[in-house]
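A.B. asks: Okay, handing you the structure first.
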Amino acid sequence: MSEKQIDELSGIETTGHEWDGIKELNNPLPRWWVWTFYATIVWALAYTIFYPAWPMLSSATTGVLGYSSRNDVKAELAAAVAAKGDMAAAVAAKPVDEILADEKLRTFAISAGAAAFKVNCVQCHGSGAAGSPGYPNLNDDDWLWGGKPEDILTTISHGVRFASDDATRFSEMPPFADTLDKDQIAQAAAYVVSLSGTPANPSLVEGGKTVFTENCAACHGEDAKGLRDFGAPNLTDAIWLRGKDEAAIIAQISGPKHGIMPAWAGRLGESTVKELTVYVHSLGGGE
Amino acid sequence: MNVIPKPDPDTEIERLEASAVNSAKVRQPLYAARKKIFPKRASGAFRRFKWIVMLITLGIYYLTPWIRWDRGPFAPDQAVLIDMANRRFYFFFIEIWPQEFYIVAGLLVMAGFGLFLITSAVGRAWCGYTCPQTVWVDLFLVVERGIEGDRNARMKLDAGPWTVEKVVKRVAKHAIWIAIAVATGGAWIFYFADAPTLFVDLFTGTALPIAYITVAVLTATTYTFGGLMREQVCTYMCPWPRIQAAMLDEHSLTVTYNDWRGEPRSRHAKKAAAAGQSVGDCVDCNACVAVCPMGIDIRDGQQLECITCALCIDACDSVMDKLGRERGLISYATLADYNANMEIATAGNTCAITPALVRTPQGKLTDKLAHFHVRKIFRPRTLVYFAAWSLVGVGLLYALLTRDRLEVNVLHDRNPLYVTLSDGAIRNGYTVKLLNKIPEPRTIIVTLQGLRGAEMSVVGIDQPADRSFAIRVEPDKLTTLKVYVRQPADHIEDKVQSFHFVIEDKSSFETDSYNAQFEAPEAYK
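Chains as they are written, first to last, in this note's numbering: chain E, 14 to 300; chain W, 9 to 533.
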């Protein structure tokens, strides 16, 4: 385009482009828009100098400010650790009893324990710690191995029937199908059912008592209230690990099933186990 | 533009060579540079009213954060405070928690209806008198006039070369504008923190970065909008001029040029009259154009740019006074009155505007002319707006007077819903939240109501299970309790039982209750 073309109607210069007789006006861009546009270019160039930008063969330019998102994450993680600082150190240093006695520390430990519980424990005990057949409910006031803070701490630290931990909780109920006949097992089951106030066949209960005293009382106690040293459950209460009907009890007497819980002290560390202890103790059944 | 005004030999009225730069007749393409407006100082009733409104609104804005209000040792003593950090809003004797924010929402609804009401009754009064844009532009113009002089001096200065005097005046003007802008941005942040403390912190450099950022942003907007952009904000940025047309009808008051008595306008009225020509009251002195901060000519009729500041009324009235004619050539009038008077002036639209038709043989305006009557404000549209406005207002007042200052909220544990205990009893867990909304510590009695035989225990309170607990709650805070409710097996009546957590402040007799559910396994039914 050598010479300016002016639109007759508006008196404004045109670009010379024509479509079906309509020519495009060459109105100037708004000044503020042009300057903003230039500013964005300057900004973009400056950005590539100050921040990592240009791709090179093996990496990219690092930028004069030395910014890195990885460093940001590191700093944030360090800040998160630092924020916990005193509290985490206090949990590490103090025994569980003292943590429980300190209102602030207890609240901190419960939060931390709840988080650890959701990652490590919910697979068996459930997200609400309510358990399921074979996996104890941690909310109630019935404890196989004891509900005092130090009992819970030991159980979590060393596990239950966990072969590779020497200090683990261990007990094993023998399969009575080997030593008792079916009638005796039925009698014993009827007696056990009657202990918690549930109606049972009275003709069986009488014989069951004898069978119980001879075979079961050693671990479950004369009064059938269980023995925590052996992890032997209380048979007189309303809480049943594997079901309260007679069939379930007969199955358990004949060929008992035994749950296994891993030892957590080595995996999670002392502090986390303490926090888990405080959390479990706080669920409402702690002694 | 830069023309020295010369008095008209006929009328002794100073004729101003003012042109309405934003008039529709000379409207420029949008990308063209803005043509400056140099509003002349007006004086009269409306100008006086605007000074008063300006004084009141600016006074409220700048001084409110400094008013003190004693609320005792447990709450801030600032009368108006939006405490974001603690999520509390204080307004004199009223304290609002976040869950009572509906009161603020209601106030906004009232402001909306109020705006509708005002607009339908007296036109764009908000725009003309109380809009912050108008008020601050007015304030900035005061500074401009004080330093550079009135309209003609400013025009001369603007057109002239960059002399030392011009540089000094311009620097002084912008410096004062920025000072006002800083004060404006500064006043804003005082609403969000203790004003005297923040004031000291601001100057010692110890305030939070957000405080400085807010001041900087508001300084920039105040300076730009009030000093540099002025009328462009109203014309191009503000949505309200577009919306407000929906609230206006033929009975709404607007600033109107009454051309039924002004036309045909004549610059040489006496000469024209002597020559037997018909002349109206308008002597085309341009006083109305010169004072207009929006750069329009009101004689073009109602237009979007007009904020109805009524300064043209003041300007025209003083000219009419000098000419010895009735005031009100430009006046607040309704479209209905205007049309009625136009009918008279044009003899039912049969001829051009004839001034003689609206005047008696003695030269006075005739009695047939329609005038605004206050009665016309009360019409269905305004009554509906008023009803909606007062309905929300009464509702808010009721809500405010009857709201609870003591509340209980309960969350039932969902996982697990219930726990069977070794003796067969069922236990449910609850998170009980006690909301003490007054800035005083107090003792709250939490009691179980219903749920036969049940007792509760509160985690962290070393007391045996009971049906009632006394809880010490902190002032103006929410206290969260973990409560376990236990019901013996033989008392359980249903899978789901309803009961109440009742809370009571024995000293103030305030109570509240929460209807909670107690869940038990199916087998207990």
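Note that CB positions come from ideal geometry on N, CA and C, so glycine has one too.
Just how far apart, CA to CA, sit Gly-298 of chain E and Val-402 of chain W?
C.D. replies: 52 Å
A.B. asks: Pull up the distance between the alpha-carbon of Val-61 of chain W and that of Ala-53 of chain W, whole angstroms please.
C.D. replies: Cα-Cα distance, rounded: 12 Å.
A.B. asks: With a floor of 4 residues, list each alpha helix (DSSP H) that falls wholly inside the stretch 95-155 of chain W, ordered by position along the chain.
C.D. replies: Segments of the alpha helix (DSSP H) lying fully in the stretch 95-155 of chain W: 110-130.
A.B. asks: What ranges does the beta strand (DSSP E) occupy inside the stretch 274-306 of chain W, keeping only unbroken runs of at least 3 residues that lie completely in it?
C.D. replies: none
A.B. asks: Per the DSSP calculation, Tyr-492 of chain W is bridged to which residue(s)?
C.D. replies: W:Gly-437, W:Ser-465
A.B. asks: Mind the definition here: the stretch 320-334 of chain W touches the stretch 277-295 of chain W only if three or more C-beta pairs lie below 8 Å; say whether that holds.
C.D. replies: yes
A.B. asks: Applying a beta-carbon distance threshold of less than 7 Å, which residues of chain W neighbour Lys-21 of chain E?
C.D. replies: Correcting the residue identity first, residue 21 of chain E is Glu in this sequence and not Lys. Think of a sphere of 7 Å around the beta carbon of Glu-21 of chain E: no beta carbon from chain W falls inside it, the nearest being about 17 Å out.
A.B. asks: Which chain E residues sit within Cβ distance under 7 Å of Gly-437 of chain W?
C.D. replies: Gly-297
A.B. asks: With a cut-off of 7 Å, does the C-beta of Asp-154 of chain E fall near any C-beta of chain W?
C.D. replies: yes
A.B. asks: Looking at chain W, which residues of the stretch 246-276 of chain E have a Cβ within less than 8 Å of any of its Cβ atoms?
C.D. replies: Asn-247, Asp-250, Ala-251, Ile-252
A.B. asks: Taking only the alpha-carbon atoms, compute the straight-line gap between Asn-214 of chain E and Ala-251 of chain E and give it to the nearest angstrom.
C.D. replies: 19 Å
A.B. asks: Check the Cβ-Cβ distances between Ala-114 of chain E and every residue of chain W, and say whether any is below 7 Å.
C.D. replies: Closer than 7 Å: no.
A.B. asks: For Pro-162 of chain E, does the count of other Cβ atoms within 10 angstroms reach 16, so buried, or fall short, so exposed?
C.D. replies: buried
A.B. asks: Please decide whether Asn-94 of chain W counts as near chain E, where near means a Cβ-Cβ distance under 7 Å.
C.D. replies: Asn-94 of chain W has a beta carbon lying at 7 Å or more from every beta carbon in chain E.
A.B. asks: Kindly list, in the order they appear in chain W, the residues whose Cβ is closer than 7 Å to that of Gly-141 of chain E.
C.D. replies: Asn-423, Pro-424
A.B. asks: Can you list the residues of chain W that Asn-150 of chain E reaches, using a CB-CB cut of under 9 Å?
C.D. replies: Pro-424, Val-427, Thr-428
A.B. asks: Keeping to the same chain, check which residues put their C-beta closer than 6 Å to that of Cys-317 of chain W; ignore five residues upstream and five downstream.
C.D. replies: Gly-136
A.B. asks: Determine, using beta carbons only, whether Ala-282 of chain W and Leu-24 of chain W come nearer to each other than 7 Å.
C.D. replies: No. Outside cutoff.
A.B. asks: Alpha carbon to alpha carbon, how far is Ile-197 of chain W from Pro-204 of chain W? Give it in angstroms, no decimals.
C.D. replies: One C-alpha to the other measures close to 11 Å.
A.B. asks: So, is Gly-239 of chain E buried or exposed, given that buried needs 16 or more other C-beta atoms within 10 angstroms?
C.D. replies: buried
A.B. asks: Any beta-carbon of chain E closer than 7 Å to the one on Tyr-231 of chain W?
C.D. replies: no
A.B. asks: Is there a Cβ from chain W that is less than 7 Å from the Cβ of Met-14 of chain E?
C.D. replies: Bear in mind that a pLDDT of 46 at Met-14 of chain E, under 50, signals an unreliable position, so the number given afterwards is only what the model happens to contain. False, the Cβ-Cβ gap to chain W never drops below 7 Å.
A.B. asks: Can you say whether Glu-89 of chain E is buried or exposed, counting buried as having 16 or more other CB atoms within 10 angstroms of its CB?
C.D. replies: Exposed, since its Cβ has fewer than 16 Cβ neighbours within 10 Å.
A.B. asks: Closer than 8 Å is the cut-off here; do at least three beta carbon pairs connect the stretch 91-102 of chain W with the stretch 217-234 of chain W?
C.D. replies: no
A.B. asks: Please classify Pro-363 of chain W: does DSSP put it in a helix, a strand, or coil?
C.D. replies: helix
A.B. asks: For Ile-511 of chain W and Leu-486 of chain W, I'd like the C-alpha separation in whole angstroms.
C.D. replies: A straight line joining the alpha-carbon of Ile-511 of chain W with that of Leu-486 of chain W spans about 14 Å.
A.B. asks: Using 8 Å as the threshold, is the stretch 142-150 of chain E in touch with the stretch 420-434 of chain W, meaning 3 or more CB pairs across them?
C.D. replies: yes
A.B. asks: The alpha helix (DSSP H) that contains Arg-119 of chain E, what's its start and end?
C.D. replies: 116-133 is the extent of the alpha helix (DSSP H) around Arg-119 of chain E.
A.B. asks: Less than 6 Å between C-beta atoms, sequence neighbours within five positions excluded: which residues of the same chain meet that for Ala-344 of chain W?
C.D. replies: Contacts found: Glu-258, His-259.
A.B. asks: Bridge partners for Phe-189 of chain E per DSSP, in chain order?
C.D. replies: Its beta-bridge partners do not exist; DSSP assigns none.
A.B. asks: Compare the C-alpha of Val-112 of chain W against each of W:Leu-404, W:Asn-30, W:Asp-146, W:Ala-215 and name the closest.
C.D. replies: Taking only the C-alpha atoms, the option nearest Val-112 of chain W is W:Leu-404.
A.B. asks: Which class does Leu-409 of chain W belong to by DSSP, given the choice of helix, strand or coil?
C.D. replies: helix
A.B. asks: Output the residue ranges of the beta strand (DSSP E) runs that lie fully inside the stretch 317-385 of chain W and measure 3 residues or longer, sorted by chain position.
C.D. replies: 338-342
A.B. asks: To which residues does DSSP link Tyr-148 of chain E through a beta bridge?
C.D. replies: E:Ser-145
A.B. asks: In this structure, what does DSSP give as the bridge partners for Tyr-265 of chain W?
C.D. replies: W:Ile-338
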